Amino acid sequence: MLQTRTVCPEIQGLRAVAVGLVLLFHIWPAFMPGGYVGVDVFFVISGYLMTGLLVRSAMRDGSVSLIDFYSRRARRLLPAATTVLAASFLATFAFLPQTRWLETVPQIAASALYVQNWALARSAVDYLGAENAASPVQHYWSLSIEEQFYFIWPLVVIAALHFARRFGVSLRRTLLVALGLIFVGSLAASIYITAQDPARAYFVTHTRIWELALGGLLALTIHRIVFLRHGGMPAAALIFGLAAIVWSAFAYSSATQFPGTAALVPTLGAALVIAAGDVRLGAFRGLNASWLSWIGDRSYSIYLWHGLLVVICSVNIPTIGLGRGIGLIALSLVIAHFSYLHIEQRYRYARKKADWLPLGFGFASIIACVAAAAALQHWMLGETAVALKSGPRYPGPAALLRSVEVPQGVDAIPALQVLKRDLPAVYSNNCHQDQKSAVPKTCDFGDVNGKQTVVLVGDSHAAQWVAALDIVAKAQGWKLVSITKSACPFNRIHVQKSGKPYPSCEPWRENALNTIRALGASIVFTSQSRYGDIDHDTQVQGLRSLWQDLTSAGIDVIAIRDTPWMPFEPGDCLAGGNPAACTAPRRQVEASTIYREAAADMTGVRVIDLTDGICGPETCETIVGNVIVWRDRHHLTTTYATALAPHLAKQAGFPLAP
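Laid out in structure tokens, this is it:
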């Protein structure tokens, strides 16, 4: 019979190390930039314990009871998890700015269904979601992977059991082969996808399951690891294992290509610590110290509650100081202690019928979270219609450009709770290319039957002008075609995304150029975000090279200077209730002169600057003419961009009829 250890004080100590790393990383990321590896340690522990549990059951009883296994997992995990979700739901509306409600509520629903990792994978590769602040339940992504593992793993063991019986081989060897194949396949996928798409690779299940499989392989082989039974080998394994975990916590950062091969360091370190067992060196009690066991026992509750507390504490605070951080740690431990005693332990070992009621409450809470999230999202999205208001109450940029009087006591539009959803139509029409594909997507606007074709091309800072150019194109009888891609400028420069490779950008740019030629466009409108990590002169030359290709083909270029970048999140600032404080000096937030320098002495290229319609002579306000200007730090709301259409048309030389 498999001789894995069922009571392992040192594993509780390892859990304490893992949750400590995660806690320090979320509170002081600059101090421990790779503390996220604590999650990988948890994966190995879960794989080890669950595989051992299932295999012992299969060997003892000749079968695996799915009902028994799933009910145990539900009693162990659901009550505490749903309690924190319910608290997060209430805290979202009590503590978070309205601008974050619409992003947080669906994440609560995804966490309740244990698909949060897939939801985050989608937003991680979505330029619109990549800059969102962390939600109170973002850390549920790792719990989602574990729950998916708990659902699949018993089926793998049952399949291996039937195979072993049918072909007369041992269950242990069958599982070794099965887990080995899962380990190799998932690790290969992790390495490949991390190199190609690191943002997505961090969250998806198939790039992480090898870490749990590693723990499973250890459970199947630990009793045969003979060299760890001699001399000082257990102590050496413990020291090397802990060193690998702690080293990666300090050496890794957000720039590390992770998981991929980098995840081998903390996971193999965790495997070494587990394999070492209960090591004691004189007065040194190893991971079996009572204080570590105390934290390890409560690690699940600590992990659940700390995310909510950190996010609440971080609202409008860029960094958490030492005192506040220590207070957060203490509060996390106190709340986790009561959660452990009165929720985890009480229902984990439920025996009486009445003790099962909270389990039913847990399932009901999941349904309630999903239903409430859907209802609230529907209500909040309905508020988007407010952004369509116009007339004298909402003069917008006319307040700056023509000194139009601004009515007082009018609620600004769009509403804060839908501010980040006030987007150009290219997003809802699914014709704004994401960061994965190099194939240009196009959308037709303006007069779709117009004989003259003009094109808008560039990154999201070009896409924000779609609504304004749509008005201009209709007035001129043009067919307007949009060709835009997230974080990829129409500029012959080598760009990265978050310091990591962006292989699809450069081929997309050349493909977009070919598409423009094939469309027979007469005018190309373009704009781009700021790429501060790229040399100024390099960007100028990259623009000139691309524009020269267009003008040589008889295509005029109208380049729109980039919009100002606010030094704060405008929606969060407005949620504070003091719009007058949500301003920035114009000289500090204006875009560079890169377009004017690139266009100098070039025939067929014009540069227009709409900053006077966005900012006053000295300052940039967040609300102009009762219209909110920015949906985030550096993108205009579609409502405001639409109001700028007459100003854009006039500067471009195509004034709209009065």
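Residue numbers (our numbering): 435 to 1092.
Think of the CB as a built atom: it goes at the ideal place given N, C-alpha and C, for glycine as much as any other residue.
Keep in mind that this is a model prediction, so the values were computed, not measured.
Inter-residue spacing [alpha-carbon to alpha-carbon] between residue i and residue j
{"i": "CYS877", "j": "SER916", "result": "5 Å"}
{"i": "ALA528", "j": "ASN750", "result": "14 Å"}
{"i": "GLU817", "j": "PHE674", "result": "Caution applies to GLU817, whose pLDDT of 47 falls short of 50 and renders its modelled position unreliable; the model cannot decide the point."}
{"i": "THR753", "j": "LEU765", "result": "18 Å"}
{"i": "ALA1032", "j": "PRO935", "result": "26 Å"}
{"i": "LEU511", "j": "TRP575", "result": "14 Å"}
{"i": "LEU577", "j": "GLY830", "result": "46 Å"}
{"i": "LYS823", "j": "VAL852", "result": "Confidence in LYS823 is poor, its pLDDT being 46 and thus under 50, which makes the residue's placement too unreliable to answer from."}
{"i": "TYR561", "j": "ASP893", "result": "For TYR561, the pLDDT reaches just 45, beneath the cut-off of 50, and the residue's location in the model is therefore unreliable, leaving the point undetermined."}
{"i": "HIS970", "j": "GLY976", "result": "10 Å"}
{"i": "THR1017", "j": "THR1056", "result": "6 Å"}
{"i": "GLU580", "j": "SER979", "result": "50 Å"}
{"i": "VAL456", "j": "CYS747", "result": "16 Å"}
{"i": "ALA896", "j": "TYR626", "result": "32 Å"}
{"i": "PHE601", "j": "PRO588", "result": "20 Å"}
{"i": "MET1036", "j": "ALA633", "result": "39 Å"}
{"i": "GLN532", "j": "TYR737", "result": "26 Å"}
{"i": "HIS866", "j": "CYS922", "result": "11 Å"}
{"i": "ALA872", "j": "ALA1083", "result": "31 Å"}
{"i": "ALA788", "j": "GLY755", "result": "In this prediction, ALA788 has a pLDDT of 48, which is less than 50 and means its spatial position is unreliable; what the coordinates show is noted afterwards. Cα-Cα distance, rounded: 45 Å."}
CB contact below 7 Å: residue i versus chain B
{"i": "GLU940", "result": "Here there is only one protein chain, and chain B is not present."}
Local Cβ density within 10 Å of residue i, reported as buried at 16 or more and exposed below that
{"i": "ARG642", "result": "buried"}
{"i": "ALA987", "result": "exposed"}
{"i": "LYS885", "result": "exposed"}
{"i": "GLY1011", "result": "exposed"}
{"i": "LEU1053", "result": "The sequence as given places Thr at residue 1053; Leu does not occur at that position. Answer is exposed; the Cβ neighbour count stays below 16."}
{"i": "GLU444", "result": "buried"}
{"i": "ILE656", "result": "buried"}
{"i": "TYR861", "result": "buried"}
{"i": "TYR1029", "result": "buried"}
{"i": "VAL745", "result": "buried"}
{"i": "LEU448", "result": "buried"}
{"i": "ASN864", "result": "exposed"}
{"i": "GLN550", "result": "buried"}
{"i": "PRO1001", "result": "exposed"}
{"i": "THR695", "result": "exposed"}
{"i": "PHE772", "result": "exposed"}
{"i": "ARG836", "result": "exposed"}
{"i": "HIS1103", "result": "No answer is possible for residue 1103: the residues shown for the chain start at 435 and end at 1092."}
CB of residue i within 7 Å of CB of residue j, strictly
{"i": "LYS913", "j": "VAL889", "result": "no"}
{"i": "GLY1038", "j": "ALA689", "result": "no"}
{"i": "THR608", "j": "PHE597", "result": "yes"}
{"i": "TYR686", "j": "GLY468", "result": "yes"}
{"i": "ALA1014", "j": "GLU778", "result": "no"}
{"i": "VAL958", "j": "ILE989", "result": "yes"}
{"i": "SER624", "j": "PRO693", "result": "yes"}
{"i": "PRO463", "j": "ALA525", "result": "no"}
{"i": "GLY730", "j": "GLN973", "result": "no"}
{"i": "GLN898", "j": "HIS1081", "result": "no"}
{"i": "ALA901", "j": "PRO858", "result": "yes"}
{"i": "ILE992", "j": "ALA1091", "result": "no"}
{"i": "LEU742", "j": "LEU762", "result": "no"}
{"i": "ALA647", "j": "LEU672", "result": "no"}
{"i": "MET466", "j": "ALA683", "result": "yes"}
{"i": "LEU519", "j": "ALA546", "result": "yes"}
Of the residues the options, the one placed nearest residue i, counting alpha carbons only
{"i": "GLN982", "options": "ASP1006, PRO700, SER894 and ARG1040", "result": "ARG1040"}
{"i": "TRP942", "options": "GLN869, ARG449, ALA896 and PRO632", "result": "GLN869"}
{"i": "TYR504", "options": "LEU646, MET484, ALA520 and VAL518", "result": "MET484"}
{"i": "THR1073", "options": "ALA629, ALA1018, TYR965 and LEU850", "result": "LEU850"}
{"i": "LEU702", "options": "PRO826, VAL478 and ASP731", "result": "VAL478"}
{"i": "LYS931", "options": "SER956, GLY954, ALA909 and GLY966", "result": "GLY966"}
{"i": "PRO1004", "options": "GLY481, LEU984 and LYS854", "result": "LYS854"}
{"i": "THR949", "options": "ALA593, PRO874 and GLY892", "result": "PRO874"}
{"i": "PRO418", "options": "ALA1025, ALA907 and ALA709", "result": "The displayed coordinates of the chain run from 435 to 1092. Any statement about residue 418 would go beyond what the structure contains."}
{"i": "GLY1059", "options": "TYR828, PHE1002 and SER956", "result": "TYR828"}
{"i": "ARG964", "options": "THR1027, GLY954 and ASP904", "result": "THR1027"}
{"i": "THR1076", "options": "ILE1048, ARG1067 and ASP1066", "result": "ILE1048"}
{"i": "ALA952", "options": "THR887, ARG494, ILE905 and ILE994", "result": "THR887"}
{"i": "GLU1024", "options": "PRO998, LEU651, VAL453 and ILE736", "result": "PRO998"}
{"i": "ARG995", "options": "THR985, CYS1007 and THR960", "result": "THR960"}
* Mind listing, in chain order, the continuous alpha helix (DSSP H) runs of no fewer than 4 residues lying wholly within the segment 667-720? => Entirely contained in the segment 667-720, the alpha helix (DSSP H) runs reaching 4 residues are, in chain order, 667-685 and 698-710.
* Asked: Mind pulling the alpha helix (DSSP H) runs of 4 or more residues that sit fully within the segment 992-1034?
  -> Those alpha helix (DSSP H) runs which fall completely within the segment 992-1034 and span 4+ residues are 1004-1009, 1020-1023 and 1028-1033.
* To do: Could I get the ranges of all uninterrupted alpha helix (DSSP H) runs contained in the segment 945-1000, with 4 residues as the minimum, in chain order?
  => Listed in chain order, they are 970-986.
* Mind listing, in chain order, the continuous alpha helix (DSSP H) runs of no fewer than 4 residues lying wholly within the segment 518-552? => Scanning the segment 518-552 for uninterrupted alpha helix (DSSP H) segments of 4 residues or longer gives 535-546, listed from N- to C-terminal end.
* Tell me the start and end of each unbroken beta strand (DSSP E) in the segment 815-899 that is at least 3 residues and wholly inside, in chain order. => Counting only runs of 3 or more, we get 877-880 and 886-892.
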